[in-house]
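In full-length UniProt numbering, the protein residues as written are 1 to 76.
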């Protein structure tokens, strides 16, 4: 079975109005993928979340997140 090339684009609003876009691989549908992403926030013991933006990776402090918003599915 081939992996999906569909990704849910999630807008992450941080303190100081910094916006980061994270791309999460679609598992079943947009809702389940977003809920799985939210669950990752609760399981991350060190307080940082790895963010994938296109081909780049970085980490953000989950305590600095103000809002998460799904922005639809994109093919990458």
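Positions of the beta carbon are idealized from the N, C-alpha and C atoms, including for glycine.
Start and end residues, beta strand (DSSP E) containing residue i
| i | result |
| --- | --- |
| residue 20 | 19–25 |
| residue 75 | 65–75 |
| residue 4 | Counting along the chain, residue 4 falls outside any beta strand (DSSP E), and DSSP gives it neither H nor E. |
| residue 61 | 56–61 |
Best match in the options for proximity to residue i [C-alpha to C-alpha]
| i | options | result |
| --- | --- | --- |
| residue 21 | 15, 29, 11 | 11 |
| residue 25 | 17, 16, 4, 19 | 4 |
| residue 58 | 23, 74, 32, 73 | 23 |
| residue 6 | 30, 16, 15, 65 | 30 |
| residue 73 | 39, 28, 55, 49 | 28 |
Beta-carbon proximity list for residue i, same chain, < 7 Å, skipping 5 on both sides
| i | result |
| --- | --- |
| residue 1 | Because residue 1 sits at a pLDDT of 42, beneath the cut-off of 50, its placement in the model cannot be relied upon, and the following sentence gives the value as read from the coordinates. Around residue 1: no qualifying Cβ. |
| residue 71 | 9, 10, 11 |
| residue 14 | 20, 60, 64, 65, 66 |
Status (buried if at least 16 other CB within 10 Å, exposed otherwise) for residue i
| i | result |
| --- | --- |
| residue 33 | buried |
| residue 76 | exposed |
| residue 8 | buried |
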